[in-house]
Amino acid sequence: MVRLVSTALLILAGTLAQAQPVCHDDAVSTAPGAYLFTQSGQAFQIFPGEGGLTETWLPLDRLRVCRRSGNAFELINTSRRGEQVGALYEAP
1394 MVRLVSTALL ILAGTLAQAQ PVCHDDAVST APGAYLFTQS GQAFQIFPGE
1444 GGLTETWLPL DRLRVCRRSG NAFELINTSR RGEQVGALYE AP
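The numbering used here puts the first residue of the sequence shown at 1394, with every later residue one more than the last.
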């Protein structure tokens, strides 16, 4: 019985973990409109219509980078009250 409950809890924990977006912290390097480059060297193409917001983001602004699905990400500027944009990861 204990083994059954343990197995059920492990399955539930795995399901919940998969439902959560995978995020990491980074910082802005440059944000020239349609693209944003991070201090760690990642490049993102900002979704159309949202690039104007990132033009005001400054180098070293703190970011929370969260994968939504595939190469779609959400970039959250934690230095600017949580301003956020959608973006596609651009492989180097």
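Just so you know, even glycine gets a beta-carbon here, dropped at the ideal spot from N, CA and C.
These numbers come from a predicted model, not from an experiment.
**Prompt:** What are the partner residues of residue 1466, as DSSP defines its beta bridges?
**Reply:** 1460, 1480
**Request:** If I'm right that residue 1455 touches residue 1420 with Cβ under 8 angstroms, what's the distance once you round it to whole angstroms?
**Result:** 6 angstroms
**Request:** Please name the residue in 1423, 1476, 1467, 1413 whose C-alpha comes closest to that of residue 1446.
**Result:** 1476
**Asked** On the three-state DSSP scale, how would you describe residue 1453?
**Response** coil
**Message:** Please return the same chain residues whose Cβ sits closer than 7 angstroms to the Cβ of residue 1438, not counting the five positions on each side in sequence.
**Reply:** 1427, 1428, 1480, 1481, 1483
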